[in-house]
Amino acid sequence: MIRVLLYFVLVGLLAFGVAWLADRPGEVSVVWHGLRIDTSVMVAAVALGLTIAAAVFVWSLLRTVLRMPDLLSMYLRNRRGTKGYLAISRGLIAIGTGDARAARKFEQEARRLAPGQPLALLLSAQTAQLSGDRPAAERAFSEMVGRPDTKLLGLRGLFVEAQRRDDPMAARAYAEEAVKAAPAPAWAGEAVLEFRCAAGDWSGALAMLESNMRGGLIDRVTYRRHRAVLLTAQALAAEETDRDNATTLALEAVKLAPTLVPAAALAGRLLAEAGELRKAGRMLERAWKENPHPDLAETYAHLRFGDSARDRLVRVEMLAQKAPGHIESALAVARAALDAREFAKARSALAPLLAQPSQRIALLMAELEQIEHSDEGRSREWMARAVHAARDPAWTADGFVSERWLPVSPVSGRLDAFQWKVPLAELGSPLATAQASKLFAIIDASASEKSVLAAAPLGDHMQSAEENSAAPPISPVAARPEAPPAEARKPMAETVIPLAQAPDDPGPEHDAEPEPAPEPGPDGWSKFRQLFK
Numbered sequence: 002m003i004r005v006l007l008y009f010v011l012v013g014l015l016a017f018g019v020a021w022l023a024d025r026p027g028e029v030s031v032v033w034h035g036l037r038i039d040t041s042v043m044v045a046a047v048a049l050g051l052t053i054a055a056a057v058f059v060w061s062l063l064r065t066v067l068r069m070p071d072l073l074s075m076y077l078r079n080r081r082g083t084k085g086y087l088a089i090s091r092g093l094i095a096i097g098t099g100d101a102r103a104a105r106k107f108e109q110e111a112r113r114l115a116p117g118q119p120l121a122l123l124l125s126a127q128t129a130q131l132s133g134d135r136p137a138a139e140r141a142f143s144e145m146v147g148r149p150d151t152k153l154l155g156l157r158g159l160f161v162e163a164q165r166r167d168d169p170m171a172a173r174a175y176a177e178e179a180v181k182a183a184p185a186p187a188w189a190g191e192a193v194l195e196f197r198c199a200a201g202d203w204s205g206a207l208a209m210l211e212s213n214m215r216g217g218l219i220d221r222v223t224y225r226r227h228r229a230v231l232l233t234a235q236a237l238a239a240e241e242t243d244r245d246n247a248t249t250l251a252l253e254a255v256k257l258a259p260t261l262v263p264a265a266a267l268a269g270r271l272l273a274e275a276g277e278l279r280k281a282g283r284m285l286e287r288a289w290k291e292n293p294h295p296d297l298a299e300t301y302a303h304l305r306f307g308d309s310a311r312d313r314l315v316r317v318e319m320l321a322q323k324a325p326g327h328i329e330s331a332l333a334v335a336r337a338a339l340d341a342r343e344f345a346k347a348r349s350a351l352a353p354l355l356a357q358p359s360q361r362i363a364l365l366m367a368e369l370e371q372i373e374h375s376d377e378g379r380s381r382e383w384m385a386r387a388v389h390a391a392r393d394p395a396w397t398a399d400g401f402v403s404e405r406w407l408p409v410s411p412v413s414g415r416l417d418a419f420q421w422k423v424p425l426a427e428l429g430s431p432l433a434t435a436q437a438s439k440l441f442a443i444i445d446a447s448a449s450e451k452s453v454l455a456a457a458p459l460g461d462h463m464q465s466a467e468e469n470s471a472a473p474p475i476s477p478v479a480a481r482p483e484a485p486p487a488e489a490r491k492p493m494a495e496t497v498i499p500l501a502q503a504p505d506d507p508g509p510e511h512d513a514e515p516e517p518a519p520e521p522g523p524d525g526w527s528k529f530r531q532l533f534k
């Protein structure tokens, strides 16, 4: 609207000026070499304007003729650049669709039309990756590293290629070089952090975490959690050599992440050893309210060294009142009651859980029947139920089940990957298979003894029962799966632009095929059924 008003104002002023000059024609006289020209002011103004316009036209025409070689060269360059841009665009689209033949065709055209251009180099590298030509891809990425504008892109490509050929030293060198840039790329910060964690360089990992936080690569919540995990790992490493420093680190970790069970358990144990029982108890109780865990219950039960089993039971009962109704409270009380030979309390604690018992509950009941009544039949029955019972939570990361918490996943190298949860695998998993084989070994041994004891005198039966009652109970986590092979442990390599999957990178679903779990033979099952006839 304002522009329309301005337009009308200017048109009005121009019309007013023309009318004003028309009302006052005046006279203009020009004498030049005896030639006299008399005219009005209006005609003189029009003639002057036409003269200026003609001069401008002649100058523009002359300038165009003089610049014709430069204009022709610019036109050819623009035309070549347009063709090169189209070749690069079509090549990247071909890479995205997985058409290696078309990608090579457009890559050659782009290299001819736009040599040395960043996108042309990227197209060359991506085409080589799609075709499986790793040396060519590394050459293209190395050429990128030599240019300031593509250095980080080249380092990322070399990093990915080093991961693909399973060369962690070269991959770490490329990541360390990339992290020196300002600002550092997120992939470099995460990679350097993982490499330092995998090497056990907790101080270096903490420094890298601080750098990632300052660079805005992680949020505040993630920073606090990861710092707590790294401090806990550092405290565990210093537990045997420098307990004072380990205590300080563990307390800081608990302050940053109160729900981090390993930090609370370690800090409580170190404070108890230092004689600060009240402080350790309060800290463990706070952690137990937030996240009941068997490690916390174990640490709380043994806060005071030299206490009897009954004293530990009283302490565990007090802790269980902080989280009433939780399964870990019942299991902690049952375990302490078994150690104190308070069988009635153990049965009372386990009674609400017997409708759908897990493996830990079934094994506790087997131990209870064995210790309290020396009932081999009931004990074996509960052990057999443990084979088919639901699995209990365990420290799990990327499908790997560990007996204890670890700061880094041994499969992917991720920090803070372990979670206390029920593993996804069921009976066919290595852990369940190991437990089942151990239980079946006990059952087979008992079956073989059954025929011997049938002809033995009563005194031999009594002696055999006493020996079996003295046998140690089976731990619910009897074994852990073997570490996956190197092919499965190394992180998945990814392309610089994740448009297509290289032929040598079949994807996560093909990295490590699970082996079928061994099934018990017919003889084992027949013996198993004979025991309960």
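Converting from the sequence shown to our numbering requires adding 1 to each position, the first position being numbered 1. No residue lacks a Cβ here, since even glycine has one placed at the ideal position from N, Cα and C. All figures in this text were calculated on a predicted structure; none of them were measured in a lab.
Other residues of its chain near residue i: CB distance less than 8 Å, five sequence neighbours each side excluded
i, result
"LYS290", "LYS323 and ALA324"
"PRO394", "TRP421, LYS422 and VAL423"
"ARG37", "SER30 and VAL31"
"ALA172", "PHE160, ALA163, GLN164, ALA192 and PHE196"
"ARG166", "ARG135"
"LYS181", "none"
Limits of the alpha helix (DSSP H) - the one that residue i falls within
i, result
"ASP312", "310-321"
"PHE306", "Where PHE306 is concerned, there is no enclosing alpha helix (DSSP H), given that its DSSP letter is neither H nor E."
"ASP71", "69-98"
"MET2", "Neither: MET2 is in no alpha helix (DSSP H) and is coded neither H nor E."
"ASN292", "First-last for ASN292: undefined, no H or E at that position."
"THR249", "244-257"
"TRP203", "203-215"
"LYS181", "Looking at the DSSP string, LYS181 is not in any alpha helix (DSSP H), and its letter there is neither H nor E."
"VAL334", "328-340"
"ALA324", "First-last for ALA324: undefined, no H or E at that position."
"THR128", "119-132"
Distance between beta carbons of residue j and residue i, contact taken as under 8 Å
i, j, result
"ALA398", "SER380", "With a Cβ gap of about 34 Å, ALA398 and SER380 do not count as contacting."
"LEU22", "VAL42", "6 Å"
"THR248", "ALA275", "7 Å"
"LYS84", "LEU114", "5 Å"
"ALA126", "ALA138", "5 Å"
"ALA273", "LEU304", "5 Å"
"ALA199", "GLY414", "5 Å"
"HIS227", "ASP417", "6 Å"
Contact set for residue i: own chain, Cβ-Cβ below 6 Å, skip 5 residues either direction
i, result
"PRO358", "ALA390"
"ILE219", "ASN213"
"PRO406", "The residue asked about is misnamed: residue 406 is Trp in this sequence, not Pro. Answer for TRP406: PRO263, TRP396 and PHE419, listed in chain order."
"MET145", "LEU122, THR151, LEU154 and GLY155"
"PRO408", "VAL230 and ALA234"
Where residue i falls, given that 16 or more other Cβ within 10 Å makes a residue buried
i, result
"ILE53", "exposed"
"ASN213", "buried"
"SER330", "buried"
"TRP60", "exposed"
"ILE3", "exposed"
"VAL543", "Since the displayed the chain opens at 2 and closes at 534, residue 543 lies outside it and no answer follows."
"TRP33", "exposed"
"GLY307", "exposed"
"PHE17", "exposed"
"ARG80", "exposed"
"GLY92", "buried"
"LEU49", "exposed"
"PHE107", "buried"
Residue interval of the beta strand (DSSP E) (run including residue i)
i, result
"SER359", "Unbroken run through SER359: none, as it is neither H nor E."
"PRO37", "The residue asked about is misnamed: residue 37 is Arg in this sequence, not Pro. From DSSP, the beta strand (DSSP E) with ARG37 extends over 36-40."
"TRP33", "29-33"
"LYS422", "420-422"
"VAL402", "401-403"
"TRP396", "395-398"
Same chain, Cβ closer than 7 Å to residue i, neighbours up to 5 away in sequence not counted
i, result
"VAL453", "Summary for VAL453: the model assigns pLDDT 38, below 50, so the residue's position carries little reliability; its value from the coordinates is reported in the next sentence. So the list is empty, once near-sequence residues are dropped."
"ALA350", "ALA331, VAL334, ALA335 and ALA338"
heavy atom of the ligand GDP below 7 Å from residue i C-beta
i, result
"GLN127", "Summarising the ligand content, the structure contains no ligands, and the ligand GDP is consequently not present."
>> Counting beta carbon pairs with one atom in the stretch 101-111 and one in the stretch 59-71, are three or more of them shorter than 8 Å?
In response: no
>> For the stretch 305-312 against the stretch 282-289, do three or more pairs of beta-carbon atoms, one drawn from each stretch, fall closer than 8 Å, so that the two count as touching?
In response: no
> Do the stretch 337-356 and the stretch 382-389 meet, that is, are 3 or more Cβ pairs less than 8 Å apart?
Replying inline: no
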